[in-house]
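Take a look at the structure set out below.
In this note's numbering, the protein residues as written are 5 to 531.
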């Protein structure tokens, strides 16, 4: 270089035995340091991380670079998504076990060395051509560059992912059963939610199959999507086909890439995507007022980083568009509700003290919890449906004998309660026949309190009077703190004389009969 400075970006390597700041051995110096778009894009990645680890955002540092007597302006230092970067975000990845690929165009050249064309990367089996060539790694090599374990030349993990994503080779049922065990779906969706809503057209999920990395962590075997080169953003709030959302949640979310379209429209994945978008537009993807994005933009601008003025209008325009599409799938347009038995209280009969419950919930519910009689039940699994955007199920809920006041609570991705619903389940599992051991006072007058004591009385119990040919049922109150006692007033309709009482639980089991004497009304004195 000569003159007073440099005009292009740099890629720097530092001796491995003397890393910069204790960890950096390679990074880029990008010339667009005064352009705030990439910095704001990474800020949004950080804000959209939720409670998960997202290894997708970089640490932006402004750098003044000097080589001998030549000084530069200000550059932006960006870590490359290389081994150093991966080991920082995934400390357990120390060693050669993580599969790591960079997606890019495949370029073609003629014999004169001139470029004759290019084809974008696709995560299909294979990227181009019939599925018969899906297992041939040469069909992936020029779209997915190995970024570690290069001497092994192993594309097997990537090919397995491509097979999953391709509807020609994996049915919808097989996809639904496997995608969450092969991919960190939430993290991939959080990246795509930013990519598709900041007009990042120059990448996978936008309009180009490039500028991103796929990494499979050895600790859990799940694939992550790492974005790259985020400065060509915030251009068109209307976006293109990759940023369109259907007017109704039942519609199809389109994308330039068929594999992305497939991912975003599987019901279980789609509900999560809507929930992520809802969290974005409610919590940080807007400007004005107490917006954290506005505060960050002011901070960036005060540091001399420009090109942020139009971003505010872009974000607010995009926020309004998303809200008009997303709110229909979220609370309060959709409520959390129990649909088993149409939400009505249940008497659960049988020997098994467990019950399954089904229901619906808004898309901004990420997790479900269950309380029984005011206490949370631990270690319960819940499932969101692979067939419907709203449906959920909780299986094998343990029941206590008798009344179970069950409440389902739906939480968003920040751990806040979105909505609740409740149902009463009365379990008769393990109930014995009720036994009456006493009924006092005996004899007793009409309208007086009769106290029946015994065992195996349960809520919903009924007292049956029999006198001659007459039979009368009474539903007494039930005290959970004193379950061996039933107290009620002798009805005026009971005739005087010898009578019997028995009790019947809601499971139909009837007690022994107990004889009582009902006294006639006291004579009235009339002058």
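The C-beta atom is built at its ideal place from N, Cα and C for all residues, glycine as well. Model, not experiment: these values are computed from the prediction.
With a contact defined as Cβ atoms closer than 8 Å, residue 339 and residue 347 miss out at about 11 Å. Residue range 41-51 is occupied by the alpha helix (DSSP H) that includes residue 44. Only buried fits residue 301, as 16 or more other CB atoms lie within 10 angstroms of its CB.
By the Cβ neighbour-count rule, residue 337 is exposed, with fewer than 16 other Cβ atoms within 10 Å of its own. DSSP places residue 381 in the coil class of the three-state scheme, outside both helix and strand.
Here residue 364 carries a strand assignment [DSSP, helix/strand/coil]. Counting the other Cβ atoms within 10 Å of the Cβ of residue 121 gives fewer than 16, which makes it exposed. The criterion of a C-beta distance shorter than 9 Å is not satisfied by residue 401 and residue 413. Under DSSP, the beta-bridge partners assigned to residue 121 are 112. Three or more Cβ pairs drawn from the segment 288-300 and the segment 314-322 lie within less than 8 Å of each other, which places the two stretches in contact.
Residue 70 is bridged by DSSP to 75. In the displayed model, residue 17 falls within a strand according to three-state DSSP.
Here the segment 444-453 makes no contact with the segment 474-484; the two share fewer than three CB pairs at distances below 8 Å. Check the Cα spacing between residue 126 and each of 483, 117, 149 and 493: the tightest is with 149. Excluding sequence positions up to five before and after residue 198, its CB lies within less than 6 Å of the CB of 48, 49 and 52, all in the same chain and listed in chain order. Of 480, 203 and 375, the smallest CA-CA separation from residue 464 is found for 480.
Fewer than three beta-carbon pairs drawn from the segment 148-163 and the segment 276-290 are found closer than 8 Å, and the two stretches are therefore not classed as touching. Per DSSP, the continuous beta strand (DSSP E) segment holding residue 492 begins and ends at 489-493.
In this structure, the alpha-carbon of residue 174 lies about 46 Å from that of residue 38. In the three-state reduction of the DSSP assignment, residue 392 falls in the coil class, being assigned neither a helical nor a strand state. An exposed status is given to residue 404, since fewer than 16 other beta-carbon atoms sit within 10 Å of its beta-carbon. Residue 335 places its beta carbon less than 9 Å from that of residue 423. With a cutoff of 9 Å on beta-carbon distance, residue 276 and residue 113 are scored as not near each other. With contacts defined as CB atoms closer than 9 Å, residue 391 and residue 271 qualify as a contacting pair. Uninterrupted beta strand (DSSP E) stretches at least 3 residues long and entirely within the segment 387-441 occur at 395-402, 406-415 and 421-431, given in chain order. In the three-state reduction of the DSSP assignment, residue 229 falls in the strand class, which pools E and B.
In terms of CA proximity to residue 83, 233 leads the group 265, 233, 331 and 374. Non-local beta-carbon contacts of residue 457 in its own chain, meaning distances under 7 Å to residues more than five positions away in sequence, involve 441, 442, 488 and 489 in chain order.
Of 371, 140, 31 and 79, the smallest CA-CA separation from residue 12 is found for 79.
Restricting attention to alpha helix (DSSP H) runs no shorter than 4 residues, the segment 473-517 encloses none. Your pair residue 94 and residue 221 checks out as a contact, with CB atoms roughly 5 Å apart and the cut at 8 Å. The C-beta distance from residue 504 to residue 470 rounds to 5 Å, short enough to meet the 8 Å contact threshold.
When DSSP states are grouped into helix, strand and coil, residue 463 belongs to the coil group.
Nearest in C-alpha terms to residue 408, of all of 374, 386 and 393, is 374. Here residue 200 is not near residue 41, since their CB atoms are 9 Å or more apart.
Listed in chain order, the non-local C-beta contacts of residue 363 below 6 Å within the same chain comprise 341, 342, 343 and 396, local neighbours out to five positions each way being set aside.
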